[in-house]
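K.L.:
Take this structure, written in structure tokens, and hold onto it; I'll ask about it next.
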Amino acid sequence: MTNKVSMNLWVAVLVVVVVAIVGVAAYYYYKPSSVPSTGVSITFWEAFSPSEYNAFASKILPAFEAQHPNIHVLITNVSLSTSNFETAAVAASAPNVYVDSNNDEGLLYSAGLLLNLNPYLGSSYFSQFATGPLNSVSVQNGTVVFGLPLNENSILMYYNKAYITNSSVLSNTGALLPYLTNLNNTKGIWGFAYGMGATYGYVEAAWLAGFGGGLFKYGTYGAPTLNSSAMVNALEFWYNQTFINHINPDLGSGSGVSFASGLEGQLFETGKAAIMFDGPWDLVPLVNALGTNLGAAPLPKVSSTGQYFAPILGSNAIAVTVPQASGASAAQINASITFAEFLASSQAQAWMYNGSGDLPSNNVVLSQLISSAQAGTLLPPFAAAENLTAAEFSGVEQGILAQEQGHTIPQPSTPQMNYYYSGVSGMHPELGLYYTNKTITAQDVASCVQAFVASNGTITLPACS
Amino acid sequence: MDVNKYTVLNFIKWTLSYIVIGMVLIFALFPLYYIVLLSFSKIPSIATLSLSSLIPNFSDFTLSAYEAVMASPFFTWLINSLVLAAGTVAVALSTAFLAGIALSRLNIPGKKALIVFLYILTFFPFTAIVIPIYLSYSHLGLLNNYLGLILIYASGTAIFGAYMSKIFIDSVPKDYEEAAMVDGQSRFMAFLTVLFRIARPIVIFLTLLAFIAAYTDYAVINVLVSKGSLYTLMLGLYHVSATASGSQTAAVNLNIFAAFSILMGLPIVTLYIVFQKYLTQMYSVSGIR
Amino acid sequence: MFPNAFKIGLEKTFGKALTNYVYLLPIIGLILFIFLYPIAYGIYISFTNFSLQHLFNATIVGFQNYYLLFQSGLIYPIILQTLIWTVGSIVPMVLMGMLVAVILNQKGFKLKLPIFTLILLPWAFPAFISLLVWSGMWNTHFGIINQFLSLFGLSQINWLYSVIPAWSVLIITNLWLSFPYYTAFFLSSMQSVPDEFHESAKVDGANMLQRFSRVTWPSIKGAVAFASISGFIFTWNNFYPIYLLTSGGPGTSTYSLTVYAYSQAFSYYNYSLGAAFSVISVVILAIMAIFMLKYTKVLDMIS
Chain A
1 MTNKVSMNLW VAVLVVVVVA IVGVAAYYYY KPSSVPSTGV SITFWEAFSP
51 SEYNAFASKI LPAFEAQHPN IHVLITNVSL STSNFETAAV AASAPNVYVD
101 SNNDEGLLYS AGLLLNLNPY LGSSYFSQFA TGPLNSVSVQ NGTVVFGLPL
151 NENSILMYYN KAYITNSSVL SNTGALLPYL TNLNNTKGIW GFAYGMGATY
201 GYVEAAWLAG FGGGLFKYGT YGAPTLNSSA MVNALEFWYN QTFINHINPD
251 LGSGSGVSFA SGLEGQLFET GKAAIMFDGP WDLVPLVNAL GTNLGAAPLP
301 KVSSTGQYFA PILGSNAIAV TVPQASGASA AQINASITFA EFLASSQAQA
351 WMYNGSGDLP SNNVVLSQLI SSAQAGTLLP PFAAAENLTA AEFSGVEQGI
401 LAQEQGHTIP QPSTPQMNYY YSGVSGMHPE LGLYYTNKTI TAQDVASCVQ
451 AFVASNGTIT LPACS
Chain B
1001 MDVNKYTVLN FIKWTLSYIV IGMVLIFALF PLYYIVLLSF SKIPSIATLS
1051 LSSLIPNFSD FTLSAYEAVM ASPFFTWLIN SLVLAAGTVA VALSTAFLAG
1101 IALSRLNIPG KKALIVFLYI LTFFPFTAIV IPIYLSYSHL GLLNNYLGLI
1151 LIYASGTAIF GAYMSKIFID SVPKDYEEAA MVDGQSRFMA FLTVLFRIAR
1201 PIVIFLTLLA FIAAYTDYAV INVLVSKGSL YTLMLGLYHV SATASGSQTA
1251 AVNLNIFAAF SILMGLPIVT LYIVFQKYLT QMYSVSGIR
Chain C
2001 MFPNAFKIGL EKTFGKALTN YVYLLPIIGL ILFIFLYPIA YGIYISFTNF
2051 SLQHLFNATI VGFQNYYLLF QSGLIYPIIL QTLIWTVGSI VPMVLMGMLV
2101 AVILNQKGFK LKLPIFTLIL LPWAFPAFIS LLVWSGMWNT HFGIINQFLS
2151 LFGLSQINWL YSVIPAWSVL IITNLWLSFP YYTAFFLSSM QSVPDEFHES
2201 AKVDGANMLQ RFSRVTWPSI KGAVAFASIS GFIFTWNNFY PIYLLTSGGP
2251 GTSTYSLTVY AYSQAFSYYN YSLGAAFSVI SVVILAIMAI FMLKYTKVLD
2301 MIS
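Residue numbers (my numbering), protein chains in the order written: chain A, 1 to 465; chain B, 1001 to 1289; chain C, 2001 to 2303.
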């Protein structure tokens, strides 16, 4: 009996082994057929918003193809999945050209997946970009530039003019908070629509600054300091607005809370909240939703400390993948750089602004924008379509520019920066514990995120709760 | 006396039965009711949703969400989804059924160990094997290729399907195929013609499982397909509601999401309704013990 | 497909037993094609330092990842949570599936077919979509469930922020997703019991419970065991309910091994650590599965 069983087992094992060997042999024998092509083909992954994509597809791409008929761009829309990029890189099938946020790209560069563009383009090329966005894609004092900034981004304060009729209250918390409390009492409108339990590192850093905390101590590179009284005060500030002053709703945790694409945007766009924090990248949907009621202003000063809430200044940048990760030939690398240059050029950025409201990183386009906003003559097509006058829209854009030109935190894209981002996203559960039940203290949250960031992501964040 | 007691008990039994089933129905249908209602409304978000919006209000009835869905390449995605699902059903069903025949009728040394071994291999969740699959698919040219996807989906259903077919075939008397063999057919053909005919309930059950696996997948296709022309409804839904390229605003429009979901769910629900009488017969021939 | 001459030739060469493997070849080939290389690779990288920082230059580090898992102590609660998730999901599913099937199977139940069809709908609807809808319904401030509870004067529950409510969310939502499957499974196996069995038990004076335990149960217990075990295995690895509803929170209290392995690999890019988690998960699951298959005699049923 046992003999028979073991014999049976051996036959089964034999069959599995034979099938496996045949499979392995076939795998190595098989060669995918190469596709013959004329000219150079490059692959491009983008995660443009709808309005950005329209500007890209209707203006920028046709102009590029007319100028470089021998370069074929194969476009793929990926919905912000950096992890797909890494998976593809392992298989040497990552795209040749890639657009993502500067912090994601900082991480990819540190992993050796992106080219340093400085040697290819020369240092003088980069002088066309504004300092803030350029810094966001540079490391080692600018000798390494791993992406060309296509825009500049930071959060700012969008508000509804129907509720905030006196814009002077927006300048400091001492005036703003009582105003919003009154608004809540009289009209039943939320003051803010801020999902503090689902916040991003991008947003959290701004509150930190208002309480004397510097994420990177203004330009000092290295690990951010988060285990600080500033962090604790920032967390408590939002606890108070939500559970003491009741001018901010508890939007819960999880996905789909932040910005115009989430619950925050839904509350703000439907007139249930007076203020939301969002960036220039969401200007088009917000103009569409609020029309002439949309206002924009920089984040306020914290009256008790005398310091400003200051957001991180970053960018979306176009990067070129190293051959090891994309399998690119020398010709494809050159074509990729040509394509990246074209997208970052002043002409392309001007088109992009008209289509999507993305704030340009190119000095020439940016200064034109500033002067026409000051002159009150700015009116891109998406604003005209909502019947805004040039004077009205220029006012909105001036608010946005005031933030980007005003108090911001520079963003050195070290890997730590990205670990800070994933640290803040990863601390959502801790934020929930703190905000809702106070089963842990703000200090616990702060030290937990710090430990995660300092370990370069090797300790698993939730382990510290 | 006895009769009275019986009638009272009977009454209680039926009352309880219908109450319980009523509650189960409310539980099962409420979320779907909620989706249907949203799809015909102008409500763009849960932020504007209140209890009163749960009562249908025909003056607010609108098809605008459905119009927005129709503005997207819905039918292209639908055809893609159906092609993918049909391929999966074909591969899963044929491999599972063949294996079921072998397990039930043929003398196969070591089959017990073999079939458990294969089952255990499928315990590795897709999330754990996605990178190596990507590697080998990239080598074999199976990225952005439905064949590659079909093989993955089918491998998920095939083992379970083999077990189900085996249990079913066990219960079919051997006379059936012996009678067929007398007619001079080969053994294999006899199996197929006879069993496939009798086995309709089990075939339909496995068809539904394989169909759903392919039709509703998001995780696998999101990694292995990046070409817009190969998008399925699931990717399309994500595309329309998360990146919102089908609408004017970047906010997730709950009503459009709901309308898309309803349209996407319709083909499966139809399949269930058409096939549900077979689902209740899955074992009526087999008699699993 | 296989002409007789060809078959006879094969049988001459390899013997009849081996020829019978031809029927199994498609499934063996399919499973090995999809799983063999990835699993070997997964086991291999769990012994390396493969991560974003070592994407192209990973080296073998021996048992370091496994050591890290056990030494940090994190894995023990996650194993426990995976058990809570799996058993906590499967027991209510099977019980509810059974209850509904028993009720529908009663002779004389009216509207059986339309009701059965309606009950199948949650199963028929794409789970990914249903989960997103449920996630909105559980929202603290704006979710319809809290709004409904407030009708009865209950205060808002922060469903996703505290441990017990978060587990309730997971288990109730998962119950909704899957109980119709068990109803269909059990109902069809109950219908294979001939009516005469029930009738003769009735004549013997057996009450409802006795008839269930004497007639129905013996004839469906195989189906119940089979469905429960395959459901157990499926639920153990079921990723989306946890990922979309709680993302493992609050804290780490609702992570399962599968979800944790995923977030290690794809949120923090510690691929090797994620692989080690997966390997441990599969080893535990395989041991339990073999034990259950043997103990319940389902193994004999399926092979």
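Cβ coordinates follow ideal geometry from the N, Cα and C atoms, glycine included.
Quick caveat, the model's predicted, so the values are computed rather than measured.
(1) Between which residues of its own chain and residue 445 of chain A is the CB-CB distance below 7 Å, once the five residues before and five after are set aside?
(2) Using a Cβ-Cβ cutoff of less than 6 Å, which residues in the same chain neighbour residue 2161 of chain C once the five nearest sequence positions on both sides are dropped?
(3) Mind listing the chain B neighbours of residue 91 of chain A? Cutoff is C-beta to C-beta under 7 Å, in chain order.
(4) Nearest to residue 2228 of chain C by alpha carbon, out of C/2097, C/2052, C/2082 and C/2072?
(5) Could you spell out the range, first to last residue, of the alpha helix (DSSP H) harbouring residue 444 of chain A?
(6) What are the boundary residues of the beta strand (DSSP E) that residue 77 of chain A is part of?
(7) Which residues bound the beta strand (DSSP E) around residue 427 of chain A?
(8) Within a Cβ cutoff of 7 Å, which residues of the same chain sit near residue 1289 of chain B, ignoring the five residues on either side of it in sequence?
(9) Who pairs with residue 276 of chain A in a beta bridge, going by DSSP?
(10) Compare the C-beta of residue 1220 of chain B against all C-beta atoms of chain A and say whether one is closer than 9 Å.
(11) To the nearest angstrom, report how far apart residue 1208 of chain B and residue 1032 of chain B are at their CA atoms.
(12) Starting from the N-terminal side, write out each stretch of the alpha helix (DSSP H) that is 4 residues or longer and does not extend beyond the stretch 1102 to 1130 of chain B.
(13) DSSP three-state label for residue 2300 of chain C, please.
(14) For residue 1144 of chain B, which residues in the same chain have their Cβ closer than 8 Å to its Cβ, ignoring the five residues on either side in sequence?
(15) Please report the distance separating the alpha-carbon of residue 1078 of chain B from that of residue 1265 of chain B.
(16) Spell out whether any CB of chain C is found under 9 Å from the CB atom of residue 436 of chain A.
(17) So residue 1143 of chain B contacts chain A; which residues on that side make the cut at Cβ distance below 9 Å?
(18) For the stretch 2132 to 2148 of chain C, enumerate the residues whose C-beta is nearer than 9 Å to any C-beta of chain A, in chain order.
(19) How would you label residue 1246 of chain B, buried or exposed, when you count the other beta carbons within 10 angstroms and need 16 or more for buried?
(20) Suppose only complete runs of 4+ residues qualify. What are the alpha helix (DSSP H) ranges in the stretch 2228 to 2292 of chain C, listed by chain order?
(21) Using alpha carbons as the reference points, say which of C/2175, C/2212 and C/2213 lies closest to residue 2130 of chain C.
(22) Nearest-angstrom Cα distance between residue 2061 of chain C and residue 2270 of chain C?
(23) If you pair each beta-carbon of the stretch 1149 to 1159 of chain B with each one of the stretch 1063 to 1080 of chain B, do three or more pairs fall below 8 Å?
(24) Examine chain A for any beta-carbon lying closer than 9 Å to the beta-carbon of residue 2268 of chain C, and answer yes or no.
(25) According to DSSP, simplified to helix, strand and coil, what is residue 1016 of chain B?
(26) Starting from residue 149 of chain A, follow its DSSP beta bridges and name the residues at the other end.
(27) Is the number of C-beta pairs between the stretch 243 to 250 of chain A and the stretch 179 to 199 of chain A that are closer than 8 Å three or more?
(28) CA-CA distance, residue 1061 of chain B and residue 1040 of chain B?
(29) Can you list the residues of chain A that residue 1171 of chain B reaches, using a CB-CB cut of under 7 Å?
(30) Does the stretch 320 to 332 of chain A touch the stretch 168 to 176 of chain A, meaning 3 or more C-beta pairs lie closer than 8 Å?
(31) Between residue 1223 of chain B and chain A, is any beta-carbon pair separated by less than 9 Å?
(32) From which residue to which residue does the alpha helix (DSSP H) around residue 2102 of chain C run?
(33) How long is the line joining the alpha carbons of residue 1139 of chain B and residue 450 of chain A, rounded to whole angstroms?
(34) Assuming residue 1098 of chain B and residue 2021 of chain C are in contact, meaning their beta carbons sit under 8 Å apart, how far apart are those beta carbons, in whole angstroms?
(35) Helix, strand or coil for residue 297 of chain A? Go by DSSP, reduced to three states.
(36) Under the rule that 16 or more other beta-carbon atoms within 10 Å means buried, what is residue 399 of chain A, buried or exposed?
P.N.:
Working from what's here:
(1) In the first sequence, residue 445 of chain A corresponds to position 445, counting from 1. So the qualifying residues of the chain are 235, 427, 430, 431 and 434.
(2) Taking the third sequence and counting its residues from 1, the one referred to as residue 2161 of chain C is at position 161. Answer for residue 2161 of chain C: 2250, listed in chain order.
(3) As a working note, residue 91 of chain A is residue 91 in the first sequence. Near residue 91 of chain A (Cβ distances below 7 Å), the residues of chain B are 1134, 1135 and 1138.
(4) The residue given as residue 2228 of chain C occupies position 228 in the third sequence. Taking only the C-alpha atoms, the option nearest residue 2228 of chain C is C/2097.
(5) Taking the first sequence and counting its residues from 1, the one referred to as residue 444 of chain A is at position 444. Note, residue 444 of chain A: alpha helix (DSSP H), 442 to 454.
(6) Residue 77 of chain A sits at position 77 when you count from the first residue of the first sequence. Counting along the chain, the beta strand (DSSP E) containing residue 77 of chain A begins and ends at 71 to 77.
(7) Here the question's residue 427 of chain A lines up with position 427 in the first sequence. Unbroken run through residue 427 of chain A: none, as it is neither H nor E.
(8) Along the second sequence, one-based indexing puts residue 1289 of chain B at 289. For residue 1289 of chain B, the predicted model reports a pLDDT of 37, less than 50, meaning its position is unreliable and no value from the coordinates is stated.
(9) For this step, residue 276 of chain A is matched to residue 276 along the first sequence. BP columns for residue 276 of chain A point to A/158.
(10) Residue numbering aside, residue 1220 of chain B sits at position 220 when the second sequence is read from its first letter. No, no contact with chain A.
(11) By one-based count along the second sequence, residue 1208 of chain B stands at place 208. By one-based count along the second sequence, residue 1032 of chain B stands at place 32. For residue 1208 of chain B and residue 1032 of chain B, the gap between their C-alpha atoms comes out near 20 Å.
(12) 1111 to 1121
(13) Numbered from 1 along the third sequence, position 300 holds the residue referred to as residue 2300 of chain C. Here DSSP, grouped into helix, strand and coil, assigns residue 2300 of chain C to helix.
(14) Here residue 1144 of chain B is taken as the residue at index 144 of the second sequence, counted from 1. So the list reads 1224, 1225, 1226, 1227 and 1230, once near-sequence residues are dropped.
(15) Start at 1 with the first residue of the second sequence, and residue 1078 of chain B comes out as number 78. Start at 1 with the first residue of the second sequence, and residue 1265 of chain B comes out as number 265. Distance between the alpha carbons of residue 1078 of chain B and residue 1265 of chain B is about 11 Å.
(16) In the first sequence, the residue the question calls residue 436 of chain A occupies position 436. So, interface residue.
(17) The residue labelled residue 1143 of chain B in the question sits at position 143 within the second sequence. Those within 9 Å of residue 1143 of chain B in chain A are 88, 91 and 93.
(18) 2132, 2135, 2136, 2138, 2139, 2140, 2141, 2142 and 2143
(19) Translated into positions along the second sequence, residue 1246 of chain B becomes position 246. Reliability fails at residue 1246 of chain B, whose pLDDT of 31 lies under 50, so the model's placement of it is uncertain and no value is given.
(20) 2240 to 2245 and 2257 to 2266
(21) Taking the first residue of the third sequence as position 1, residue 2130 of chain C is located at position 130. Cα-wise, what sits closest to residue 2130 of chain C is C/2175.
(22) Here residue 2061 of chain C refers to the residue found at position 61 when the third sequence is read from its first residue. Here residue 2270 of chain C refers to the residue found at position 270 when the third sequence is read from its first residue. Note on geometry: alpha-carbon atoms of residue 2061 of chain C and residue 2270 of chain C lie some 14 Å from one another.
(23) In short, these stretches do not touch, since the Cβ pair count stays below three.
(24) Position 268 of the third sequence holds residue 2268 of chain C. For residue 2268 of chain C, the answer is yes, since a Cβ of chain A falls inside 9 Å of its Cβ.
(25) The residue you call residue 1016 of chain B lines up with position 16 of the second sequence. Helix, per DSSP.
(26) Start at 1 with the first residue of the first sequence, and residue 149 of chain A comes out as number 149. Bridge partners of residue 149 of chain A: A/317.
(27) These segments touch.
(28) Numbered from its first residue, the second sequence carries residue 1061 of chain B at position 61. Numbered from its first residue, the second sequence carries residue 1040 of chain B at position 40. Answer to the nearest angstrom: the Cα atoms are 6 Å apart.
(29) Here residue 1171 of chain B corresponds to residue number 171 of the second sequence, with the count starting at 1. Within 7 Å Cβ-Cβ: nothing; residue 1171 of chain B doesn't reach chain A, min ~25 Å.
(30) In this structure the stretch 168 to 176 of chain A does not touch the stretch 320 to 332 of chain A; the number of beta carbon pairs closer than 8 Å is below three.
(31) Counting from 1 along the second sequence, the entry for residue 1223 of chain B is found at position 223. Yes, residue 1223 of chain B lies at the interface with chain A (some Cβ there is under 9 Å from its Cβ).
(32) The count along the third sequence starts at 1 and reaches residue 2102 of chain C at position 102. Segment 2075 to 2105, the alpha helix (DSSP H) holding residue 2102 of chain C.
(33) The residue you call residue 1139 of chain B lines up with position 139 of the second sequence. The residue you call residue 450 of chain A lines up with position 450 of the first sequence. Rounded to whole angstroms, residue 1139 of chain B to residue 450 of chain A spans 41 Å at the Cα level.
(34) Translated into the one-based positions of the second sequence, residue 1098 of chain B becomes position 98. Translated into the one-based positions of the third sequence, residue 2021 of chain C becomes position 21. Their Cβ separation, rounded to whole angstroms, is 11 Å, which puts residue 1098 of chain B and residue 2021 of chain C out of contact at 8 Å.
(35) Looking up residue 297 of chain A in the first sequence gives position 297. Of the three classes helix, strand and coil, the one that applies to residue 297 of chain A here is strand, per DSSP.
(36) Residue mapping note: residue 399 of chain A aligns to position 399 of the first sequence, counting from 1. That one is buried.
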